[in-house]
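Order-wise, the sequence lines are chains P and B.
For the first sequence, position 216 (counting from the first letter as 1) is numbered 208 according to the working numbering, and the numbering increases by one without interruption.
For the second sequence, position 238 (counting from the first letter as 1) is numbered 230 according to the working numbering, and the numbering increases by one without interruption.
Comments concern the structure below.
Number of protein chains: 2
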Amino acid sequence: MKVVRSPKQIQEIVRKIKKQGRSIGFVPTMGALHPGHLSLIRGARKDNQAVFVSIFVNPIQFGPREDLSKYPRPIKKDIALCNKEGVDFIFYPSFKSMYPDGFDTYVNVPGLTEGLCGKFRPGHFKGVTTVVNKLFNLIQPDIAYFGQKDYQQALAVKKMAEDLSMPLAVKVAPTIREKDGLAMSSRNKYLNPSERKDAVLLYRGLKLARNLINKGNHNCVSVINSVRKFLKQGRTISVQYISIVDLKNIEPALILKGKVLIALAVYAGKTRLIDNIIVKI
Amino acid sequence: MKVVRSPKQIQEIVRKIKKQGRSIGFVPTMGALHPGHLSLIRGARKDNQAVFVSIFVNPIQFGPREDLSKYPRPIKKDIALCNKEGVDFIFYPSFKSMYPDGFDTYVNVPGLTEGLCGKFRPGHFKGVTTVVNKLFNLIQPDIAYFGQKDYQQALAVKKMAEDLSMPLAVKVAPTIREKDGLAMSSRNKYLNPSERKDAVLLYRGLKLARNLINKGNHNCVSVINSVRKFLKQGRTISVQYISIVDLKNIEPALILKGKVLIALAVYAGKTRLIDNIIVKI
């Protein structure tokens, strides 16, 4: 396994691999790898002849009052984990090499990024689609892997790749969870014991919604209110949103039919957590 | 030579050519080919093993009151010209195949596209960088060719490709002119005889500016005013802008030093014409 810091060098490596006709699987990450990332890497390893992982805490997807500076960066541990998983190349660029002075090009998918998290994190998804577009151009993957936990991100990236005819496929893999159901996230490290305890309510709340719907409650407002009430037992929890939306355009589902996404974002103390499930009606 | 209409088919062709290790030169056009385009195609022919020309009148780069519907579309003549120039593939997609229902991804280079023409054509350059990004992803050229007449467009495309690490080079070729100096443009066809006569003043005005600067007049305002006065002799001409700007960031040149771009846009009757020259001080 090789750790590459320079964009030029990664381009040379990619060129060679392409010439050899080897397929490239790519897992873009911000590091602080957890079993969710590792499951993506295993998927990439299974499908492809070469596996690239990028580790880059992308400043332009963080808002001014968000956690950019304290975001965990355990690079040595991450490298060891990638090595163990049979990754071929880690791309670990510096900020300056990704965004040289005067950088000023942005890729935006407005329709899919205004709702859900986009409403509360203005500019976030523009930062995501821009950096992922650039990473796709550098790594030129055949398949790129994203986790369902960040459903809106995966959807926006997929839409970007399709709309711009990028020659690659985007695969979305299931959310990996702790034993108690908490979705794996690098941000779980921020939680103190009582927040960590309350954090289990997110997935339980989503399952509650699924149960209500399965039992025949097809009234979105009522289902959402039940989840909101349920989450109130977590003293450290404050809800940002709970939404039931169309799977494809993430617009609020007016009629519960077919498949819908139930998504929520809460603060546990000062830590923002998100989770979602897909429910078939 | 092959004319290809489907994006999927062009991707397959590109894949084959890449596999053969042949280099791809690409000239994106809106058709109505003139000697300016042909000079770009010759450049592409000289530098590369396969030459692709796209012909696509891109609706999203036209404003609501612009000339989208009357833009010339002499496709048979264009095909014959490409054939004569040894083009290998013409990509001639439909609107629907480039922008399927729900298309909603945009590439923007804000800093370079707010001044000059961008001020008078809001949304224009966003339409250009978006379609060119998509065309680059479809054709995957080694080198793409643009004309200096559309200097701001070429600069924005070059910046986009660099910022997003697209694996290609952008070459900008000199403006090709009629015998009397008028810059070749598909829009010249719109001109009636008196407008056509007045249109020669654009290049003469630019040369006047160069002469004034070369003779030691380094006062931008004074040089611009002289050009404005000079253009007044064209009864069908109304000036949109005359600017002297930095070559790299196209911001107004405060001090005339090094190389500058003198650029102008005028209406000759109802036809918008642009031209520019680079002057070394």
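Cβ atoms here follow ideal geometry from the backbone N, Cα and C, with glycine treated the same way.
Legend entry - Residues of its chain near P:I286, where Cβ-Cβ distance is below 8 Å and the 5 sequence neighbours each way are ignored: The question about residue 286 of chain P has no answer here: the residues shown for chain P are numbered -7 through 273.
Inset, instruction - Assign P:E106 to buried or exposed, taking buried as 16 or more other Cβ atoms, counted over all protein chains shown, within 10 Å of its Cβ. - result: exposed
Legend entry - Check whether P:A42 and P:D80 have beta carbons under 8 Å apart: yes
Inset, instruction - Could you tell me which chain D residues have their CB closer than 8 Å to the CB of P:P102, listed as they occur along the chain? - result: The displayed structure is made up of protein chains P and B, and chain D is not among them.
Inset, instruction - Quick one: residues in its chain with C-beta nearer than 7 Å to the C-beta of B:A168, no 5 flanking neighbours on either side, listed in chain order? - result: The displayed chain sequence assigns Ile, not Ala, to residue 168 of chain B. P27, G28, S31 and M176.
Inset, instruction - Determine the extent of the alpha helix (DSSP H) in which B:T122 is found, giving its start and end residues. - result: H116 to I131
Legend entry - Contacts of P:D155 in chain B (Cβ-Cβ under 7 Å): F95, D96 and T97
Legend entry - When B:R202, B:L193, B:K171 and B:N211 are compared against B:Y259, the one with the closest alpha-carbon: B:L193
Legend entry - Short CB-CB distance (under 8 Å) between B:K111 and chain P: no
Inset, instruction - Examine the ligand FMN and report whether any of its heavy atoms sits within less than 7 Å of the Cβ of P:Q41. - result: Of the ligands one can find in the structure shown there are none, so the ligand FMN has no counterpart to examine.
Inset, instruction - Taking only runs that begin and end inside the segment 145 to 191 of chain B, name each unbroken beta strand (DSSP E) of 3 or more residues, in chain order. - result: 161 to 165
Inset, instruction - Let me know if P:S186 comes out buried or exposed under the rule of 16 or more other beta-carbons within 10 Å of its beta-carbon. - result: exposed
Legend entry - Same chain, Cβ closer than 6 Å to B:G226, five either side skipped, listed in chain order: D190 and L193
Legend entry - Residues that B:L130 contacts on chain P, provided the C-beta gap is smaller than 7 Å: S157
Inset, instruction - Evaluate B:D172 with the Cβ neighbour count: other Cβ atoms within 10 Å of its Cβ, from every protein chain shown; 16 or more gives buried, anything less gives exposed. - result: exposed
Inset, instruction - Could you tell me which of P:I5, P:K38 and P:Q1 sits nearest to P:G17, measuring between CA atoms? - result: P:K38
Inset, instruction - Identify the contact partners of P:Q3 in chain B, using a Cβ-Cβ distance below 7 Å as the criterion. - result: P159
Legend entry - Interface residues of chain P facing B:N125 [CB-CB closer than 7 Å]: L156
Inset, instruction - Tell me whether B:I229 is buried or exposed, calling it buried when 16 or more other Cβ atoms sit within 10 Å of its Cβ. - result: buried
Inset, instruction - Name, in chain order, the residues that DSSP records as bridge partners for B:A281. - result: In the structure displayed, chain B extends from -7 to 273; residue 281 of chain B sits before or after that span and is not available.
Inset, instruction - Indicate the three-state DSSP secondary structure (helix, strand or coil) for B:P20 in the structure shown. - result: strand
Legend entry - Per-residue DSSP class, three states only, for B:P56: coil
Inset, instruction - Could you spell out where the beta strand (DSSP E) holding B:F81 opens and where it closes? - result: F81 to F83
Inset, instruction - Spatial neighbours of B:L200 within its chain, please: CB distance less than 8 Å, with the 5 preceding and 5 following residues excluded, ordered by chain position. - result: S218, V219 and F222
Inset, instruction - Count the CB pairs spanning the segment 67 to 77 of chain P and the segment 111 to 129 of chain P that are closer than 8 Å, and state whether there are at least three. - result: no
Legend entry - Residues sharing a beta bridge with P:S230, DSSP: P:Y259
Legend entry - beta strand (DSSP E) segment containing P:A245, residue limits: No beta strand (DSSP E) contains P:A245, which DSSP labels as neither H nor E.
Legend entry - chain B contact for P:K8 (CB, 8 Å cutoff): no
Inset, instruction - Assign B:V213 to buried or exposed, taking buried as 16 or more other Cβ atoms, counted over all protein chains shown, within 10 Å of its Cβ. - result: exposed
Inset, instruction - Note down, in chain order, every chain P residue with its Cβ under 7 Å from the Cβ of B:P(-1). - result: S157
Inset, instruction - Within its chain, find whatever has a CB closer than 8 Å to the CB of B:L60; leave out the 5 residues flanking it on each side and keep chain order. - result: V49, P51 and F54
Legend entry - Best match in P:T263, P:L265 and P:K272 for proximity to P:L253 [C-alpha to C-alpha]: P:K272
Inset, instruction - Would you kindly work out how many angstroms separate the C-alpha atoms of B:A153 and P:K207, rounded to a whole number? - result: 53 Å
Legend entry - Meets three-Cβ-pair contact criterion under 8 Å: the segment 116 to 131 of chain B and the segment 89 to 108 of chain B: yes
Legend entry - Residues sharing a beta bridge with B:A136, DSSP: B:F18 and B:V162
Legend entry - Spatially closest choice to P:K141 from P:A257, P:R14, P:I9 and P:S86, by CA coordinates: P:A257
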